[in-house]
Each structure stands twice: as C-alpha cells, then as structure tokens.
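Below is one structure, written out as structure tokens; the observations come after it.
2 protein chains.
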Amino acid sequence: MTAGEFKNWQAVQEEVRRRIHARIWAPGEMIPNEQDLAEEFGCARATVNRALRNLSEAGLLERRRKAGTRVALHPVRKATLSIPMIRKEIEDLGQSYGYERLFYRRGTPPEALLRQLKARENDQFVRVKSVQTADGAPFVFEDRWVNLTTVPGAAEQGFAETSANEWLLTHAPYTEGDIAFFAGNASEEVAGMLRCEAGAAIFVIDRVTWDNDRSITSVRQYFRPGYRMQTSI
Amino acid sequence: MTAGEFKNWQAVQEEVRRRIHARIWAPGEMIPNEQDLAEEFGCARATVNRALRNLSEAGLLERRRKAGTRVALHPVRKATLSIPMIRKEIEDLGQSYGYERLFYRRGTPPEALLRQLKARENDQFVRVKSVQTADGAPFVFEDRWVNLTTVPGAAEQGFAETSANEWLLTHAPYTEGDIAFFAGNASEEVAGMLRCEAGAAIFVIDRVTWDNDRSITSVRQYFRPGYRMQTSI
DNA sequence: TCTGATAATATGTGCAGACATATTACCAGA
DNA sequence: TCTGGTAATATGTCTGCACATATTATCAGA
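These protein sequence lines map, in sequence, to chains A and B. Per the working numbering, the first sequence starts with residue 1, numbered consecutively. Per the working numbering, the second sequence starts with residue 1001, numbered consecutively.
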C-alpha cells in the first residue's frame, strides 16, 4: 500500500483521489506535506506537487502556502462547457446547417446595454439578427450588437453569409467575457422566428465579450424549444 | 521585444497571449518549438512548457507531440461554472436560507430513469421532493431519487432538516456526473411550489451522479422564474 | 507505386536542488 | 494584554538535465 510504486504524477493523483474517496483523508482534514508524500510515494516533490496542484484546480483540494493542503469541505465541482459553436453542434448531429441574416442596421444600443458593455463615447454599433437552422428547422435565433469601433472589419463583413459568431471567433479574439443562462417565455417575435407557440419556454444565453476593456459584441441567443445544453462533470 | 525578460511562466504565458492576440501568431499557425522559445525568452524549457500547457488547457493552443504547437483555429472557450450549492448562493445574496422537505417515500424510479442511472437489479431508491427558499420566497424546487443501496446512510438521514444536495456532497463523494440545462414551462405542481403562474418559463437542471459505476442520485431542479446562471469566460 | 521498418523530432514528464513567497507561530517589548 | 517584528514552514516555481513517447518523415525493398 505504502510502497514506492507511484512514480508518475497521474498515479500519485489517482492514489490521492482514492484516499479522499475512501475517507482515509476526510473532508476538511489536512493531508501530509509534499515532502512527506514524496518520500512515501518514492518520487520527487515536484511530482507530488503536480498531482496536488491538479487536484486543487479540480476543486478537490485546497492549498495555501505554509498552511498546507486540506481536502475541500465542499468540493466545488466545475462543469466546463464549451461555448456552443452552432454550426459544429448541428453538423455533429448529422444535420445540415443553414444561416440566414434577417436584420442588419447601424444604431445605438439601449442605455442599459451600453453600460454593461462599458462602451465609450463615440463607439459605433451595428445590430444583427439572424437564425441558424438544422435541416431547415430553426435552431437558434440571435439578436446581436457588434462594436464597429473595436472591430472595424465587421462593417465590410456584414454577416450576410457567415454567422457573426463564427467570423468574430477567428477575427476578433476576446480576452474576457460574461455569460448567463436563463429561461424565458417566447415573445411574439421569438416565437415567429423559432416557429413555435408564443409563451413556450426558451433556453436563452446572454453573452458579452471584451478585448481587454474594449467591448466586442453582446449577443442574446434563443434556442429552439426542447434544447438541452449538456456536459459531464 | 525579444530580450530575455520573461523569467516566469506567467510572464511567458502573457507574452504568448499577446502575440496570439496581436496576430503575430495567427490562428492555425505553428509557433516556434519550446526549445527556441526558451532561448528567446531566456528561461528554461520547462518554464515555456508550463506556460504553453496552460494555454493549451485554456483552449488557445493545440499541441501534439512531434507535430508541434499551433494557435487554435476555433478557440473552444470553456466556461467553468461551479455547480450551485443553493444555500451558499442564497447566503451570498445576503438573504436568509430556508429548506423544507415536502415528500419522502421509497419507491422505484420509472424505467427510463433506471436505465439512465445504470441501476442494478436490487437497488433500492427513495424519492425526495423539497423546496429551498430565499427570504421565505421559493428559490428552487427539486425532485430527487437517491440510491439507498449505494448510499445506505441516506435512509437514516431522511433529509428532513438538511438538503440532500448538501448532505450528499460531504457524505457520498461522486466520481462522475452528467448535467443538463434547459428551459421548461412550469407544470401545475411546479408552479404551485414556486408560487408562479403555470406555464412560466423555468430554468431547469438535470443532474445524475455516480461513484464509479454505482449511481448515487438523480435530481431535477426547477429554479424560480427569472433565475440566471452566470459565469465569466 | 505501395508498404513497412527506421530515424528524426517536438512535446511530455521525471528528478534533484535551489530560491521565492505567503502565512503562521512565536516572542520580546511596550 | 496587546502589538509588531522575526523565525519557521509549506507551497510555488525555476533550472538543467535526462529519458519517454507519440508522431511524422524518410527510405529501402517488394
């Protein structure tokens, strides 16, 4: 059990996992320091460090200098969900992807949105509405504002043929973003776009992205009724 | 610019980020190998490795042995959202937390759920329904099945005073889980529990967890109307 | 031209040692 | 008793080196 056969960091990580899981090290409890573990496992401290650091990033351990390492009391599980790139999602379903731009006009976003975007005085914006379809049926309806001042290329692009999301991904990298998921009843407009009943429950994503402190885009995506966003943890 | 002042991995990471961002290294393009970068930055290869590995985990780079490192064409942004522990979420809002068990009875889940749980022949289950409140108002209504065979302590516990989620977190650690987010129209039961109109759009989370291949619990949580799940990316 | 063995190469990881840094514990002095 | 300085300590990270491993490129032989 305590022989020195944990020679790589994955093995060390698995052994630590096992001990936490088997409650040999109970939640909230301190575990031995890296040096001792390294001796026990018969490996270098760096190897133990790598394993423990990984588990700490995963939320299973809490580490603080000098204070030591303890088993997390409330393992904050982190679900990493990839921001859906719609075309890929639809194609992975084996369905044919379609895109249609419905609306494109320069204008000024409402006051509240400007604040959220941390927009500057003379920023110019364009509003783009579009639907993306799977086998011809509406999949997502999106309503987006793009900051033309920070993304000048967007003006020529126009998003008539390619979805803004896709174009922006490769042409306007962002450094930060906020994202929110919620449920909403379909308005008349949304219901019309998604070809469903008004009032149907719709899964909605709000997303805002910045390049450092310069806003790039703000988008609200309405998914077709029944859409499920899934992941493993 | 190319002087050797990138002595720690964070600095290297930032410099690489900057170059990707400034399109010195464009999407899809190969970047120099670790050895060359180490020489350029005036640090050890391990330091460069740490930085690049981190960026690769973040989805900005794609690395393959021998093939080298390239800038990701479609940076798959990963939003890491912590699975909400309701009590903490409510208390962080500065509101008073409440819990009430509404239903507790042994029984057998429907066939479809049993399959999803990968349940075994003689597994015993208990169904628990409860609400959690913020300042007295309903916040979440949840409908849960707990596997008593894998979590025997659950039978004595009963979840009369503490939410199942909280108790399970510290008493039945899980190794894997599936989670899904979607929107649904409130049924009569849900509307009654959340004190809203039937048909209101409700944000719903389905979650199933396992301890290795032994199912622990399956839960569906209905959040109060207007609930938003937020995170940064 | 095709196929399979082999060499070349970039990343992945291990080790030992060193120093950096945050944080705690302790103790002297007011 | 309280306070501020100092020592002790666990983690954080860098270095230089080595070898492992996956993958590609190459080339000989059929």
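By construction, the Cβ of each residue, glycine as well, lies at the ideal position given by its N, Cα and C atoms. Please read these numbers as outputs of a predicted model, since none were measured by experiment.
### Message
Against A38 of chain A, what residues of chain B qualify as contacts under a CB-to-CB distance less than 7 Å, listed in chain order?
### Response
For the purposes of this step, residue 38 of chain A is taken as residue 38 along the first sequence, with counting starting at 1. Neighbours of A38 of chain A across chain B, judged by C-beta separation under 7 Å, do not exist; the nearest C-beta is about 18 Å away.
### Task
Measure the Cβ-Cβ separation of A200 of chain A and N1185 of chain B and say whether it is below 8 Å.
Taking the first sequence and counting its residues from 1, one reaches residue 200 of chain A at position 200. Taking the second sequence and counting its residues from 1, one reaches residue 1185 of chain B at position 185. By the CB criterion at 8 Å, A200 of chain A and N1185 of chain B fall inside the cutoff.
#### Entry: heavy atom of the ligand ZN below 7 Å from E39 of chain A C-beta
The ligand ZN is not part of the structure shown, which contains no ligands of any sort.
### Task
Verify whether the separation of the beta carbon atoms of V126 of chain A and L148 of chain A is less than 8 Å.
Numbered from 1 along the first sequence, position 126 holds the residue referred to as residue 126 of chain A. Numbered from 1 along the first sequence, position 148 holds the residue referred to as residue 148 of chain A. Going by beta carbons, V126 of chain A and L148 of chain A fall inside the 8 Å limit.
### Rounded straight-line distance, which links the Cα of N1122 of chain B to that of G59 of chain A
By 1-based counting over the first sequence, the position of residue 59 of chain A is 59. By 1-based counting over the second sequence, the position of residue 1122 of chain B is 122. Cα-Cα distance, rounded: 33 Å.
### Query
Does any residue of chain A bring its CB to less than 8 Å from the CB of F1139 of chain B?
Counting from 1 along the second sequence, the entry for residue 1139 of chain B is found at position 139. It does not: the Cβ of F1139 of chain B has no partner Cβ on chain A nearer than 8 Å.
### Task
Within the same chain, show all residues whose beta-carbon is closer than 8 Å to that of E1015 of chain B, passing over the 5 residues directly before and after it, in chain order.
In the second sequence, residue 1015 of chain B corresponds to position 15, counting from 1. Cβ within range, chain order: F1006 and F1041.
### Bridge partner(s) assigned by DSSP for R1127 of chain B
Taking the second sequence and counting its residues from 1, one reaches residue 1127 of chain B at position 127. For R1127 of chain B, DSSP records a beta bridge to B:R1105 and B:W1145.
### Message
I'd like to know if the segment 1154-1162 of chain B and the segment 1177-1195 of chain B are in contact, where contact means that at least 3 CB-CB pairs between them fall below 8 Å.
### Response
Contact fails between the segment 1154-1162 of chain B and the segment 1177-1195 of chain B, because fewer than three Cβ pairs, one in each stretch, are under 8 Å apart.
### Task
Check the Cβ-Cβ distances between V1012 of chain B and every residue of chain A, and say whether any is below 8 Å.
The residue given as residue 1012 of chain B occupies position 12 in the second sequence. With a threshold of 8 Å between beta carbons, V1012 of chain B makes no contact with chain A.
### Task
Could you tell me which of A:P225, A:A180 and A:G177 sits nearest to A198 of chain A, measuring between CA atoms?
Your numbering for residue 198 of chain A matches position 198 in the first sequence. Looking at A:P225, A:A180 and A:G177, the one whose alpha-carbon comes closest to that of A198 of chain A is A:P225.
### Query
Since M1030 of chain B meets chain A, which of its residues come closer than 9 Å, beta carbon to beta carbon?
The count along the second sequence starts at 1 and reaches residue 1030 of chain B at position 30. In chain order: nothing, as chain A lies at least about 17 Å away.
### Cβ-Cβ separation, T1170 of chain B to I1216 of chain B (assumed contact under 8 Å), whole Å
Within the second sequence, residue 1216 of chain B is the residue found at index 216, counting from 1. Within the second sequence, residue 1170 of chain B is the residue found at index 170, counting from 1. Actually they do not touch by this definition, with Cβ atoms about 13 Å apart.
### Query
If you count every other CB in all the chains shown that lies within 10 Å of the CB of T108 of chain A, and 16 or more means buried, which is it?
As a position in the first sequence, residue 108 of chain A is number 108, starting the count at 1. Taking every protein chain shown into account, the CB of T108 of chain A has fewer than 16 other CB atoms within 10 angstroms, so this residue is exposed.
### Message
Contact defined as beta carbons within less than 8 Å: I believe R1019 of chain B pairs with Q1035 of chain B. What is the distance between those atoms, to the nearest angstrom?
### Response
As a working mapping, residue 1019 of chain B is identified with position 19 in the second sequence. As a working mapping, residue 1035 of chain B is identified with position 35 in the second sequence. Under the criterion of beta carbons closer than 8 Å, R1019 of chain B and Q1035 of chain B do not qualify as touching, at roughly 17 Å.
### Query
Where does K88 of chain A fall in DSSP's three states?
Within the first sequence, numbered from 1, the residue matching residue 88 of chain A stands at position 88. Annotated three-state conformation of K88 of chain A is helix, per DSSP.
### Query
I1205 of chain B by DSSP, collapsed to three states: which one?
Indexing the second sequence from 1 puts residue 1205 of chain B at position 205. Correct three-state label for I1205 of chain B: strand.
### Message
To be precise: take each residue of the segment 64-87 of chain A, compare its Cβ to all Cβ atoms of chain B, and keep it if any distance is under 8 Å. Which residues remain?
### Response
The residues in question are L73, H74, P75, V76, R77, K78, A79, T80, L81, S82, I83 and M85.
### Query
Do the segment 94-109 of chain A and the segment 135-148 of chain A touch if we need at least three Cβ pairs shorter than 8 Å?
Under the three-pair Cβ rule at 8 Å, the segment 94-109 of chain A counts as touching the segment 135-148 of chain A.
### F1182 of chain B classed as buried or exposed, judged by whether at least 16 other C-beta atoms fall within 10 angstroms
The sequence position of residue 1182 of chain B within the second sequence is 182, counting from 1. The Cβ neighbour count for F1182 of chain B, taken over all protein chains shown within 10 Å, is at least 16; the residue is labelled buried.
### Query
Would you say L194 of chain A faces chain B, with C-beta separation under 8 Å as the test?
If you number the first sequence from 1, residue 194 of chain A lands on position 194. Judged by the 8 Å Cβ criterion, L194 of chain A is not in contact with chain B.
### Task
Select from the segment 165-179 of chain A all residues with a C-beta closer than 8 Å to any C-beta belonging to chain B, and list them in chain order.
Residues of the segment 165-179 of chain A whose Cβ lies closer than 8 Å to any Cβ of chain B, in chain order: L169, T170, P173, T175, E176, G177, D178 and I179.
### Message
Going by DSSP, what residue range makes up the beta strand (DSSP E) through A79 of chain A?
### Response
For the purposes of this step, residue 79 of chain A is taken as residue 79 along the first sequence, with counting starting at 1. Start and end: K78 to S82.
### Message
Please tell me whether G199 of chain A has its Cβ less than 8 Å away from any Cβ of chain B.
### Response
Here residue 199 of chain A refers to the residue found at position 199 of the first sequence. The beta carbon of G199 of chain A sits closer than 8 Å to some beta carbon of chain B.
### Query
What residues from chain B crowd round R19 of chain A, counting only those whose CB sits closer than 7 Å?
On the first sequence, residue 19 of chain A is found 19 positions in, with the first residue counted as 1. Neighbours of R19 of chain A on chain B: none; closest Cβ ~12 Å, over 7 Å.
### Query
Among A:V48, A:I24 and A:A155, which has the Cα closest to the Cα of N8 of chain A?
Here residue 8 of chain A refers to the residue found at position 8 of the first sequence. Nearest C-alpha to N8 of chain A: A:V48.
### Same chain only: Cβ atoms within 6 Å of I31 of chain A, ignoring 5 sequence neighbours per side
Reading the first sequence from its first residue, position 31 is the one you call residue 31 of chain A. These residues qualify, in order along the chain: W25 and T69.
### Whole-number beta carbon distance between Q116 of chain A and V208 of chain A, since they are thought to touch under 8 Å
As a working mapping, residue 208 of chain A is identified with position 208 in the first sequence. As a working mapping, residue 116 of chain A is identified with position 116 in the first sequence. Contact flag correct, Cβ pair sits at about 6 Å.
### Query
Is Q230 of chain A helix, strand or coil when you go by DSSP?
Residue mapping note: residue 230 of chain A aligns to position 230 of the first sequence, counting from 1. In the three-state reduction of the DSSP assignment, Q230 of chain A falls in the strand class.
#### Entry: Interface flag, S56 of chain A vs chain B, CB-CB below 8 Å
As a first step, residue 56 of chain A must be located in the first sequence, where it is residue number 56. S56 of chain A is outside the set of residues whose beta carbon lies under 8 Å from a beta carbon in chain B.
### N- and C-terminal bounds of the beta strand (DSSP E) containing I1216 of chain B
On the second sequence, residue 1216 of chain B is found 216 positions in, with the first residue counted as 1. Segment R1214 to F1223, the beta strand (DSSP E) holding I1216 of chain B.
### Local Cβ density within 10 Å of A1051 of chain B, reported as buried at 16 or more and exposed below that
Your numbering for residue 1051 of chain B matches position 51 in the second sequence. Buried is the label assigned to A1051 of chain B, since at least 16 other Cβ atoms lie within 10 Å of its Cβ.
### Task
Enumerate in chain order the residues of its own chain whose CB-to-CB distance from E1039 of chain B is below 7 Å, with the five nearest sequence positions on each side excluded.
As a first step, residue 1039 of chain B must be located in the second sequence, where it is residue number 39. Closer than 7 Å at Cβ, skipping near neighbours: no residue.
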